[in-house]
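Report on the structure given below.
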Amino acid sequence: SVAYFNGTFVDSNDPVVPIDERGHQFGDGVYELIRIYNSKPFMLEEHLDRLYMSAKAIALPFDQERESFKEIIFQLIERSGLDNLDVYMQITRGMAPRNHLFPDAPVSISMTAKPFRSIPPELREKGAKAILHPDERWMNCYIKSLNLLPNILAKQEAHKAGCLEAILHRDGKLTEGTSTNVYVIKDSRIQTTPLSRHILAGITRMAVQKIAMEAAIPFEEKHVDIEELYEADEVFITSTTNEVMPIVQVGDKLIGDGQPGPMTRLLQRHFQELTT
Ligand code: PDD
Numbered sequence: 002s003v004a005y006f007n008g009t010f011v012d013s014n015d016p017v018v019p020i021d022e023r024g025h026q027f028g029d030g031v032y033e034l035i036r037i038y039n040s041k042p043f044m045l046e047e048h049l050d051r052l053y054m055s056a057k058a059i060a061l062p063f064d065q066e067r068e069s070f071k072e073i074i075f076q077l078i079e080r081s082g083l084d085n086l087d088v089y090m091q092i093t094r095g096m097a098p099r100n101h102l103f104p105d106a107p108v109s110i111s112m113t114a115k116p117f118r119s120i121p122p123e124l125r126e127k128g129a130k131a132i133l134h135p136d137e138r139w140m141n142c143y144i145k146s147l148n149l150l151p152n153i154l155a156k157q158e159a160h161k162a163g164c165l166e167a168i169l170h171r172d173g174k175l176t177e178g179t180s181t182n183v184y185v186i187k188d189s190r191i192q193t194t195p196l197s198r199h200i201l202a203g204i205t206r207m208a209v210q211k212i213a214m215e216a217a218i219p220f221e222e223k224h225v226d227i228e229e230l231y232e233a234d235e236v237f238i239t240s241t242t243n244e245v246m247p248i249v250q251v252g253d254k255l256i257g258d259g260q261p262g263p264m265t266r267l268l269q270r271h272f273q274e275l276t277t
């Protein structure tokens with residue numbers, strides 16, 4: 002499949018990244034994953050806002066002008082020949098002999114375009130299972146950093162337990178999933194972790210908040226504890242790749258009656274309307 006590295010379109014299997022690259026050696030960079038539905042990037046501006054914000058937060062001198070950066074994305078989409086795809090992009094502190102100090106080097110920009118795997122209808126309709134896992138990440142999770150080791154380890158634990166996601170908790174409160182935001186519904190109110198440095202401000206979260214507002218469903222940003230999670234009427238997670246995904250079991254506890262609830266279904270339906 003097609004990819005981009007520092008000014009050139011390449012095959013995603015081409016060996017174009019040198020060993021002394023800071024994304025590769027230090028995870029010294031930031032990323033975004035944007036889904037393209039029917040040739041239309043979903044919430045592109047919001048993703049780009051977050052990319053520039055993340056770069057700034059780690060003092061990455063990513064000063065490419067937004068329109069020309071978008072032009073690369075659109076060229077990549079066109080070259081992919083796909084209508085429905087995921088564009089992954091990362092910006093790193095560039096190429097220089099390994100040294101912790103910032104190099105005097107231009108940033109590296111890379112992107113890949115891959116067809117996305119549609120969510121299996123079975124999962125979408127019956128919901129998924131999750132485990133709970135301590136949030137072992139750093140204090141700046143609002144940055145979409147390449148450093149994902151704690152996320153990967155927790156996600157693998159979930160997978161080993163036959164689950165889709167690990168819901169992370171810190172000081173007895175839910176933060177988010179390893180690659181998703183987490184919500185509970187109690188008495189017809191959506192409750193989700195307030196934005197802070199402990200979670201990523203999800204773009205799908207933003208979309209769900211807007212859907213809720215338009216449907217006059219209360220959307221409360223409040224800390225949810227583990228007990229409240231177990232006692233919730235409904236639980237769901239969101240992300241670019243999972244969209245709105247019902248969670249029907251956490252560990253060995255069923256949520257509600259173990260079926261996706263009516264409000265999650267409504268949000269799923271409204272979200273799907275935005276992407277078709
Ligand atoms: N994950 N929280 C974390 C830690 C994430 O990594 C993500 C996104 C989200 C949801 O954000 P959004 O709705 O903007 O996709 C929340 C991406 C998809 C990934 O790592 O592949």
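Start counting the sequence shown at 2; every next residue gets the next number (UniProt numbering). All residues carry an ideal CB built from backbone N, CA and C; glycine is no exception. Values in this document were obtained by computation on a predicted structure and should not be read as measured data.
Residues near residue i by beta carbon distance below 6 angstroms, same chain, minus five either side
i, result
"Phe236", "The residue asked about is misnamed: residue 236 is Val in this sequence, not Phe. Same-chain partners within the cutoff: Val185, Ile248 and Ile256."
"Pro107", "Gly95"
First and last residue of the uninterrupted beta strand (DSSP E) at residue i
i, result
"Asn182", "Asn182 to Lys187"
"Met207", "Run containing Met207: none in the beta strand (DSSP E); it sits in the alpha helix (DSSP H), Ile204 to Glu215."
Host alpha helix (DSSP H) of residue i (start-end)
i, result
"Ser55", "Leu45 to Ala58"
"His25", "Arg23 to Phe27"
Alpha-carbon to alpha-carbon, residue j and residue i
i, j, result
"Val17", "Leu154", "28 angstroms"
"Thr241", "Glu46", "14 angstroms"
"His48", "Lys130", "28 angstroms"
"Phe43", "Glu215", "19 angstroms"
"Arg190", "Phe27", "42 angstroms"
"Ser119", "Glu244", "10 angstroms"
"Ile74", "Asp188", "42 angstroms"
"Tyr143", "Leu133", "20 angstroms"
"Tyr231", "Gly30", "36 angstroms"
"Lys174", "Ala167", "14 angstroms"
"Lys127", "Lys41", "28 angstroms"
"Pro151", "Gln157", "10 angstroms"
Heavy atom of the ligand GDP within 7 angstroms of residue i beta-carbon
i, result
"Ile92", "This structure lacks the ligand GDP; its bound ligands are the ligand PDD."
Per DSSP, the bridge partner or partners of residue i
i, result
"Ala4", "Val11 and Thr113"
"Leu169", "His134"
"Ile238", "Val183 and Met246"
Contact set for residue i: own chain, Cβ-Cβ below 7 angstroms, skip 5 residues either direction
i, result
"Ile212", "Leu268, His271 and Phe272"
"Asn148", "Gly28"
"Gly262", "Ile186, Asp234 and Glu235"
"Glu33", "His48, Arg51, Leu52, Met90 and Lys145"
Option in the options with minimal Cα separation from residue i
i, options, result
"Gly163", "Pro116, Gly252 and Phe43", "Gly252"
"Phe10", "Ile200, Pro104 and Thr113", "Thr113"
"Ile92", "Phe6, Met246 and Thr194", "Phe6"
"Pro122", "Met246, Ala159 and Asp64", "Met246"
"Pro219", "Thr205, Met264 and Ile227", "Met264"
Cβ neighbours of residue i in the same chain (closer than 8 angstroms, five flanking residues each side left out)
i, result
"Ala97", "Asp21, Arg23, Pro104, Asp105 and Ala106"
"Asp12", "Ser2, Val3 and Ala4"
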